[in-house]
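>
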Amino acid sequence: MGELAWEKRQFGHRARLALTPAQARLMDDQAHAARTMWNCLHDWWTMLPKDKRSLAAADAAIRQARKEIDWLAVLPAQAAQAVLKSYVQAWRNCWDRRADEPNFKARLRAVMSVDIPQGRDLQIKRVHRRWGMVNIPKVGRVRFRWTRDLPVGKLANRENRITGARLVKDGLGWHIAFRVQTLELKPEPHTGPEIGIDAGVSLPLALSDGNHQDHGRPARLPDGTADRDKWLNPQEKAKLLRLEQRAAHRKSFRKPKERSSNRLNRTYDQIKQLRAKATRRVVDWQHQTTTHLARTYGTVVVEQLNITNMVKSAKGTIEEPGTNVAQKSGLNRSISQEAWGRTVTMLTYKTGRYGGTLVKVPAPNTSLRCSACGFLTPGSREGQATFVCKNPDCGWCGNADWNAARNILHLYRIGLVAIPAAGRAVVRRTRGAKPATAR
Ligand SMILES: [Zn+2]
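Numbering (UniProt numbering), first residue to last: 1 to 439.
Here it is, written out as structure tokens:
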């Protein structure tokens, strides 16, 4: 055993809020005010000559708007400051090429959220084995489900505390996401085996050792398209279909530019509720799976995928429209459905917590290459569950997802590792550089 080392850890903890209908309305008002604030800010910022744009000027503009438009005052001053901060950050992300330019937030599409940037405003207290109380500015004391121990009260100190929170609304209502900071013993290095993982077509997560992680739901419909609603049971699916038909029917009576009726909005809310239920189930499964993987393996290797780029490249540009857009966007949808990005995020922090490492490899052609001999068979293999090697001397065949997972692990073993630098992946060969085709 070496010396004990401590490390700072930051994580989020999400809990559902038990709001009364009146409190929920107050929250909705705050969220709409935050969105309007963003839109005012964006309008003002883009009209201003470039040399006049500054944080101080934006701050003054926000103060002025809060004085002039009285319903913006429902948003606590700290939350308004948080809007400004995230707006400026959005531009920084754009200048560093991590994201597109910030844009206006639409009433129906934007996620409803309000920030509480200061932890001390929350005044969290545990009141029951299963319930905690939190203070929400301009709303009051609200109960939330207590599902894990948080550093509050006597447990809180400089190193272990809650630094803030964000309130987010989904189809099931308002949630609070606490930002937690703790100081913990650094874990011993994980000595477990190396593993390559691929988000597969027929297997949700294929492992290079021939195992896989399954959720018992088909990834695809019989016609080969991705099943968007596989996390709902047959009754829920039938209900969803009924609701979607009802929404389409009600929408057909709406005249152009007319606001959607309350009945139509109610149907939309019910659809959102079902979708939120499905999302909650996926996240739950992902948490269980990634914890298991982080506990079992010392090094986890995944493919470096840039989902936003994939969606963009499929669409193409106006001058050069993409080919097979529908097909590719179907693939993208199924990737988004499996929420591969979320799985990787979870794996990143969980492997760290157990002393392991997550490695990303640049992975062109992992599904086209034979993992037994390295022979590359060009052409699309999308949707095919079995890989057959076209090399006359090899002829290996097996599960296509396992094949890709083994290729991913192989890329790591020959030292091909992706290092993210300023938004673009740079490939570096670390250990003895052999070409990827050599086995
Ligand atoms: Zn082969």
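Cβ atoms here follow ideal geometry from the backbone N, Cα and C, with glycine treated the same way.
#1: I need the straight-line Cα distance from D100 to W91, nearest angstrom please.
#2: List in chain order: all unbroken alpha helix (DSSP H) runs of 4+ residues lying wholly within the UniProt domain "Cas12f1-like TNB" (340 to 408).
#3: Using only CA atoms, which one of L122, F144 and R145 lies nearest to I136?
#4: What is the C-beta distance between P187 and G355, in whole angstroms, given that I count them as a contact (C-beta under 8 Å)?
#5: Could you spell out the range, first to last residue, of the beta strand (DSSP E) harbouring K8?
#6: Would you mind sorting P102 into buried or exposed? The rule is 16 or more other CB atoms within 10 Å of its CB.
#7: Buried or exposed for M37, going by 16 or more other Cβ atoms inside 10 Å?
#8: Would you report the Cα separation of D269 and R353, rounded to the nearest angstrom?
#9: Which runs of the alpha helix (DSSP H) fall wholly inside the UniProt domain "Probable transposase IS891/IS1136/IS1341" (186 to 313) and span at least 4 residues, in chain order?
#10: Which residues in the same chain as E159 place their Cβ atom closer than 6 Å to its Cβ, once the five residues preceding and following it in sequence are excluded?
#11: Would you mind working out which of G298, L347 and T191 sits nearest T290, comparing C-alpha positions?
#12: Going by Cα to Cα distance, which pick from P76, A248 and V283 is closest to R266?
#13: Report the CB separation of A404 from G164 in whole angstroms; it is logged as a contact under 8 Å.
#14: N391: beta carbon under 6 Å from a heavy atom of ligand 1?
#15: In the structure shown, what three-state DSSP assignment does I176 receive?
#16: Would you kindly work out how many angstroms separate the C-alpha atoms of P21 and I162, rounded to a whole number?
#17: Can you have a look at S208 and say buried or exposed, based on whether 16 or more other CB atoms are within 10 angstroms of its CB?
#18: Nearest to M112 by alpha carbon, out of L203, R166, K67 and V139?
#19: Which residues does DSSP list as the beta-bridge partners of Q181?
#20: If R145 sits next to R16, beta carbons under 8 Å apart, how far is it from one beta carbon to the other, in whole angstroms?
#21: May I have the straight-line CA-CA distance separating K105 from C40, to the nearest angstrom?
#22: What span of residues does the alpha helix (DSSP H) with I62 cover, start to end?
#23: Does the Cβ of A34 lie closer than 6 Å to at least one heavy atom of ligand 1?
#24: Quick check: does the Cβ of W396 come within less than 6 Å of any heavy atom belonging to ligand 1?
#25: In three-state terms, what does DSSP make of N103?
#26: Work out the CA separation of R259 and G192 for me, nearest whole Å.
#27: Reducing DSSP to helix, strand and coil, say where A34 ends up.
#28: With 7 Å set as the bound, which would you pick, yes or no: does the beta-carbon of L347 sit closer than that to a beta-carbon of chain D?
#29: Consult DSSP for L416 and reduce its assignment to one of helix, strand or coil.
#30: Is any heavy atom of ligand 1 found at a distance shorter than 6 Å from the C-beta of C370?
#31: Measuring straight from C-alpha to C-alpha, what distance separates residue 453 and Q118?
#32: Does ligand 1 have a heavy atom nearer than 6 Å to the CB of F11?
#33: Can F387 be considered in contact with ligand 1, in the sense that its beta carbon sits closer than 6 Å to one or more heavy atoms?
In terms of the structure at hand:
#1: 9 Å
#2: 340 to 353
#3: L122
#4: 4 Å
#5: W6 to A18
#6: buried
#7: buried
#8: 38 Å
#9: 234 to 251 and 262 to 296
#10: L183
#11: L347
#12: A248
#13: About 40 Å; that fails the 8 Å criterion.
#14: yes
#15: strand
#16: 27 Å
#17: buried
#18: R166
#19: Q10 and R161
#20: 6 Å
#21: 10 Å
#22: L55 to E68
#23: no
#24: yes
#25: coil
#26: 58 Å
#27: helix
#28: Absent from the structure is chain D; it holds one protein chain and no more.
#29: strand
#30: yes
#31: An answer regarding residue 453 cannot be provided, because it is not within the stretch 1 to 439 covered by the chain.
#32: no
#33: no
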